[in-house]
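Scroll down for the structure; my scribbles are underneath it.
Numbering (this note's numbering), first residue to last: 109 to 323.
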């Protein structure tokens, strides 16, 4: 091998350059390293609390002690018994009504399904107090990959990774992280009646990872 390299230096150098260039291309374009790297991003949303199941507790039974019985008096009242004065006290109760402050309103809630890559997460379509809208992911845990975007799609929720982009979509931006709790703002001029689902979409390879309903 060494003799061959010495005899074909130009060819060996050229082959090495091609191999390095190919490796760089694969790392930059396909980004296979992302398959092994989790990116966690946690964002809050002021005034928003995830719906939780109400917990019902049963109070322990109350034991009421029986009152003691006082034997009747055997003493007769005297003729000069004093007059007893009765005073009546009137209590006025004032009721104060407190109005809860306005806050985010959940328009729709769903869970991610996995037409392309395994993953889980809760999805909320939320209207804020000022009328703006956001898609919020909570407890997100999906696969990572290159050039992942969050899109709104007119497609129904189907088990077909190609269905979510063929009839057009609205791009809400790059997926901030494949794990965590994140918000994605919806511009005011977007008509949500035109979209039925939100999807995590690899725009580079036209491949849908996960999707959920928003209507």
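Glycine included, C-beta positions come from ideal geometry on N, C-alpha and C.
Just so it is clear, the structure is predicted and the values come from calculations on it, not from any experiment.
Nearest to residue i (by Cα), restricted to the options the options
i: residue 267; options: 251, 316 and 297; result: 316
i: residue 276; options: 263, 149, 319 and 255; result: 263
i: residue 98; options: 247, 242 and 291; result: Absent from the structure is residue 98, since the part of the chain shown begins at 109 and ends at 323.
i: residue 59; options: 269, 298 and 291; result: Residue 59 lies beyond the residue range present for the chain, which begins at 109 and ends at 323; the question has no answer from this structure.
i: residue 313; options: 274, 287 and 300; result: 274
i: residue 308; options: 282, 214 and 241; result: 282
i: residue 319; options: 299, 271, 301 and 214; result: 271
i: residue 149; options: 245, 300, 310 and 158; result: 245
Alpha-carbon to alpha-carbon, residue j and residue i
i: residue 137; j: residue 253; result: Because the pLDDT at residue 137 is just 39, under 50, the model does not fix this residue reliably, and the point stays unresolved.
i: residue 210; j: residue 278; result: 29 Å
i: residue 231; j: residue 145; result: 23 Å
i: residue 157; j: residue 238; result: 17 Å
i: residue 299; j: residue 311; result: 22 Å
i: residue 155; j: residue 301; result: 26 Å
beta-carbon residue i near the ligand FMN non-hydrogen atom, thresh 7 Å
i: residue 213; result: Among the components modelled here there is no ligand, and therefore nothing to report on the ligand FMN.
C-beta atoms of residue i and residue j nearer than 8 Å
i: residue 322; j: residue 305; result: yes
i: residue 280; j: residue 258; result: yes
i: residue 251; j: residue 227; result: yes
i: residue 153; j: residue 212; result: yes
i: residue 290; j: residue 147; result: no
i: residue 249; j: residue 217; result: no
i: residue 292; j: residue 242; result: yes
i: residue 234; j: residue 215; result: yes
Expected contact under 8 Å - CB spacing of residue i and residue j to nearest Å
i: residue 265; j: residue 221; result: 7 Å
i: residue 297; j: residue 240; result: The pair is not a contact, with the Cβ atoms about 12 Å apart (cut-off 8 Å).
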